[in-house]
Amino acid sequence: GCRSHWRDRGTVHRRRAGGSVVDTSTALLGRSRSGLHFDIDDGGAAVHDEAPVVNTGSSTCAGGALIQVRYATFSDQSSPIPRLGIVRGDRIVDAAVIGTGWRGPAPTSLLDLIRQGPEAWQRMRELTDAATSASFRPLSDVVLDAPIPRPLKNVFCLGRNYIAHAEEAARARGQEVKIPTVPVIFTKAPTTVTGPFDDILVERSVTQQVDWEVELGLVIGVTGRNIPRANALRHVFGYTVINDVTARDLQ
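Take a look at the structure:
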């Protein structure tokens, strides 16, 4: 769900959308030979609050069905050290459990897996496909963290990214509606990333207008420069859902 919750003088506040909690949940992505497909669901599992799962490009199986891979970072009672997991439905498996036959150093985190490149991503998909149900455990047994707790760079954000949102923001401030003619880009530091169910501390002496927005996040997997528009999605590793928390009166 995109649960947004923040702490104000010892109290945790949780915001709800449409009468129900919108979880920092799952952005499902599948890559087929003909292009890219993704959709959002409210099933379980990447700031800000980040949803516990990053969903990546998938292989195509017989009949054209897409096999989606859902990555998570988690810990449990046996070890507080966050580690890489793969989610299937409401269950999760430790990547170390299914990666015993990994060629070379096995990835211990999602960032580590991304750095190893497309061949490693394909290998992890194959191992996930071959994993038995007995290898998985209930998601309720683990503590979910942000998929990438500390990104290597700032989180790049696109403000007023569709017309209805720009109009809504202007009306809320009693301002004239002006549609941007160029992208409005801003960033958030890596330290703003929190887990999907972590508290967000709000300092009320600084802001009185804390707001939240559900955003679609892209996780870049392949570096590049001066990338043609037609090739842009080849650089995307996967998608996640982000709860973007903002102090409106400080914008």
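Everything in the sequence shown is counted per my numbering, starting at 436 for the first residue and increasing by one. Glycine included, each C-beta is placed from N, C-alpha and C at the ideal position. From a predicted model like this one, the values you see are computed outputs, not experimental measurements.
Exercise. Who does Asp646 pair with in a DSSP beta bridge?
Worked result: Along the sequence shown, read from residue 1 onward, the residue named residue 646 stands at position 211. Per DSSP, Thr681.
- Query: Is the beta carbon of Pro582 sitting closer than 8 angstroms to the one on Arg526?
  - Reply: Residue mapping note: residue 582 aligns to position 147 of the sequence shown, counting from 1. Residue mapping note: residue 526 aligns to position 91 of the sequence shown, counting from 1. Against a cut-off of 8 angstroms, the Cβ pair of Arg526 and Pro582 comes out as no contact.
inquiry  = Let me confirm a value: Tyr674 is counted as buried when at least 16 other C-beta atoms fall within 10 Å, else exposed. Which label applies?
reply    = Sequence index remark: in the sequence shown, residue 674 carries index 239 (1-based). Around the Cβ of Tyr674, a 10 Å sphere holds 16 or more other Cβ atoms; the residue is buried.
**Study point:** Asp529 - containing alpha helix (DSSP H), residue span
**Key:** Translated into positions along the sequence shown, residue 529 becomes position 94. Asp529: not part of any alpha helix (DSSP H); member of the beta strand (DSSP E) spanning 526–529, first to last residue.
* Asked: Going by DSSP, which residues form a beta bridge with Gly673?
  -> Reading the sequence shown from its first residue, position 238 is the one you call residue 673. According to DSSP, Gly673 bridges with Thr491, Val654.
Exercise. CB of Pro615 to nearest heavy atom of the ligand MG: below 7 angstroms?
Worked result: In the structure on display, the ligand MG does not appear, and there are no ligands present to speak of.
If you reduce the DSSP assignment to three classes, tell me which class Ala607 lands in. Here residue 607 refers to the residue found at position 172 when the sequence shown is read from its first residue. In the structure shown, Ala607 falls within a helical segment according to DSSP collapsed to helix, strand and coil.
Exposed unless 16 or more other CB atoms sit within 10 angstroms - verdict on Gln503 = Within the sequence shown, numbered from 1, the residue matching residue 503 stands at position 68. Around the beta carbon of Gln503, 16 or more other beta carbons sit within 10 angstroms, so the residue counts as buried.
Checklist entry - Of the choices Glu561, Gly652, Asn666, Ala665, whose alpha-carbon is the least far from that of Asn596? => result Taking the sequence shown and counting its residues from 1, one reaches residue 596 at position 161. The candidate whose alpha carbon is nearest that of Asn596 is Gly652.
Original post:
Based on the DSSP secondary-structure assignment, which residues constitute the bridge partners of Leu579?
Top reply: Indexing the sequence shown from 1 puts residue 579 at position 144. DSSP, once it has assigned bridges, lists Phe509 as partnering Leu579.
**Report entry** Three-state secondary structure (DSSP) of Cys496
**Finding:** Within the sequence shown, numbered from 1, the residue matching residue 496 stands at position 61. Confidence at Cys496 is low in this model, with a pLDDT of 38, below 50, so the placement of that residue should be treated as unreliable; the coordinate-derived value is given next. Residue state, collapsed to three classes: coil.
Query raised in the report: For Pro584, which residues of its own chain have a beta-carbon under 7 angstroms away from its beta-carbon, when the five flanking residues on both sides are left out?
Result: Taking the first residue of the sequence shown as 1, we reach residue 584 at position 149. Counting only Cβ-Cβ distances below 7 angstroms, and skipping sequence neighbours, we find Thr508, Pro517, Val628.
So within the region 531–601, which uninterrupted alpha helix (DSSP H) runs reach at least 4 residues, ignoring any that extend past its ends? Every alpha helix (DSSP H) stretch that sits fully inside the region 531–601 and reaches 4 residues is listed by chain position as 545–551, 553–565.
Beta-carbon proximity of Arg683 to Gln644, cut-off 8 angstroms = As a working mapping, residue 683 is identified with position 248 in the sequence shown. As a working mapping, residue 644 is identified with position 209 in the sequence shown. Yes.
- Just to confirm, are Ile598 and Ile614 a CB contact at a threshold of 8 angstroms? Counting from 1 along the sequence shown, the entry for residue 598 is found at position 163. Counting from 1 along the sequence shown, the entry for residue 614 is found at position 179. Yes, the pair counts as a contact, with Cβ atoms nearer than the cut-off.
Residue environment, Ser427, which counts as buried when at least 16 other CB atoms sit within 10 Å | Examination of residue 427 is not possible in this model, given that the chain is present from 436 through 686 alone.
If you draw a straight line from the alpha carbon of Pro540 to that of Trp556, how long is it in whole angstroms? As a working note, residue 540 is residue 105 in the sequence shown. As a working note, residue 556 is residue 121 in the sequence shown. Just so you know, the alpha carbons of Pro540 and Trp556 end up roughly 14 angstroms apart.
Margin query: DSSP has Ser514 in a bridge; who is on the other side?
Written below: As a position in the sequence shown, residue 514 is number 79, starting the count at 1. Beta-bridge pairing links Ser514 to Asp511.
Item checked: Cβ distance (whole Å) where Ile655 is taken to contact Val637 below 8 angstroms -> Position 220 of the sequence shown, counted from the first residue, corresponds to residue 655. Position 202 of the sequence shown, counted from the first residue, corresponds to residue 637. Wrong, their Cβ atoms sit about 30 angstroms apart, outside the cutoff.
### Task
Taking all protein chains shown into account, decide if Ile620 is buried (16 or more other Cβ within 10 angstroms of its Cβ) or exposed.
Within the sequence shown, numbered from 1, the residue matching residue 620 stands at position 185. Ile620 is classed as exposed because its beta carbon has fewer than 16 other beta carbons within 10 Å across all chains shown.
For a test of the three-state rule: what should DSSP assign to Thr616, helix, strand or coil?
Here residue 616 refers to the residue found at position 181 when the sequence shown is read from its first residue. Looking at Thr616 - three-state DSSP - the assignment turns out to be coil, as it is neither helix nor strand.
_Helix, strand or coil for Arg660? Go by DSSP, reduced to three states._
On the sequence shown, residue 660 is found 225 positions in, with the first residue counted as 1. DSSP places Arg660 in coil when its eight states are reduced to three.
Can you tell me whether Ala569 is buried or exposed, with buried defined as 16 or more other CB within 10 angstroms of its CB? Translated into positions along the sequence shown, residue 569 becomes position 134. Here Ala569 is exposed, its C-beta having fewer than 16 other C-beta atoms within 10 Å.
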